[in-house]
C-alpha cells in the first residue's frame, strides 16, 4: 500500500475513533444527567406570583430527580437575565424562562453584548397568557368599533399606556394603530401593571394588558374590556369578543413563555428536558390550574419553538420599521 494511502487510512481511522468516542462519552454523560440541581433564571422580581416559574420549580424535580432552583434577575427589559443565561456554561444546569422580550430585545436594544437569538437555544414552549384591550370604565365607548371610529376622527387625542418603550404591549398597541390606521399618544410606564393602574385612575385612556391582571378589574367595574387578543373567547371574560370576530385576525397577540438553554447544550439534554416539560404542560392538573388565571398550557418540539421564535422576531422587526417606532 502506498505511503500516502496508508497515512490517509490511518488519519481517517483516528478521526472516526475520535468521533466515536466523543459520541459515546456525550451519550453516557447525557444519560447520567442531571447529577446536581438545575438553576432556572427568571427576568422577574423576587416574590412575584409568576406561574410558569412556580410550575417548573414544583413539578420538574419529580421527573428529573434533582431540585430546580429559581434565580430572579429583573431589570433592563429582561436583558440582564438573558445575558446571564446566554453566558452560562452549556452543561444543562442553567435554564432561562423567556417571553416575547426574547424577540423584541434585539430590535429595541442595539448595543447588546450578546445575541439572544443565537446565544440561547429553544427547549420548550410552556404557556400563553391572553391579552385584553381595556379602557377606563367611565369613557363613553362601549365597543371596539366605537373607539376605533373616535380615534380616526381625533388623531392623537386618546392616550395609551405600556410597560415602557419597546415593551411587548407597546408593540401590540403599535400593531393595533397600524391595522386601524389611527394615532394615539404613547405614555410609557415602568411596567404594564403601572399602566393598568393608571387606566383605572383615569390618568390615561387605555392599555393592552394581561388577562390575569385585567380581568378582576373588568369584573369589578374599574375597567371596560372591548376585545381579547385571541383566536377564541376566553372563559374568564366570555362576553368579550375576540379580535378575530371583530375583523382583526392580525391583532392576535399573546404573551407566550418558554424555556431556553445556553447555545452548545447537548442536544440529548435538550430533548430530555423537552420531553419532561411537555409531560407537565400536557397534564390535566396543569390545564385546570392555568385556566383559573386565564393561562393556556403550550407544548412544542425544540425545532417548532425555534421556528416560532424566528417568525415572531421577523413580525416585530417589520412592524418597528414600518411604524418607525422609537424606543428612547
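In our numbering, the protein residues as written are 61 to 388. For glycine and all other residues, C-beta sits at the position ideal for the given N, C-alpha and C.
The DSSP assignment places complete beta strand (DSSP E) segments of no fewer than 3 residues inside the region 354-388 at 355-357, in order along the chain.
Rounded to whole angstroms, residue 143 and residue 182 show a C-alpha spacing of 15 Å. A Cβ-Cβ separation of about 6 Å places residue 339 in contact with residue 123 under the 8 Å criterion. With distances taken between CA atoms, residue 224 lies nearest to 247 out of 247, 139 and 187. Residue 99 and residue 153 do touch by the CB rule: their CB atoms are close to 6 Å apart, below 8 Å. Membership of residue 120 in the alpha helix (DSSP H) is indicated by the continuous run 111-124.
Shown here for residue 379: same chain residues with a beta carbon closer than 8 Å to its own, the five before and five after excluded, namely 231, 234, 235, 238 and 385 in chain order.
Between residue 358 and residue 188, the CB-CB gap stays under 7 Å.
Positions of the beta strand (DSSP E) runs, each at least 3 residues long and wholly inside the region 155-229, are given as 180-189, 191-196 and 219-222 in order along the chain. Contact between the region 263-280 and the region 346-361 is present: 3 or more CB-CB pairs across the two stretches fall below 8 Å.
Beta-bridge partners assigned by DSSP to residue 322: 180.
Taking 7 Å as the cut-off, the Cβ atoms of residue 266 and residue 220 count as close. When secondary structure is reduced to three states using DSSP, residue 294 falls in the coil class, being assigned neither helix nor strand. Cβ neighbours of residue 268 within its own chain (closer than 6 Å, five residues either side excluded): 191, 193, 229, 232 and 233. For residue 303, the closest of 119, 287 and 294 by C-alpha to C-alpha distance is 287. In the same chain as residue 372, and ignoring 5 residues on each side of it, the C-beta atoms closer than 6 Å to its own belong to 163, in chain order. Here residue 102 really is in contact with residue 157; their C-beta atoms are around 5 Å apart, less than 8 Å. In the structure shown, the three-state DSSP call for residue 254 is helix.
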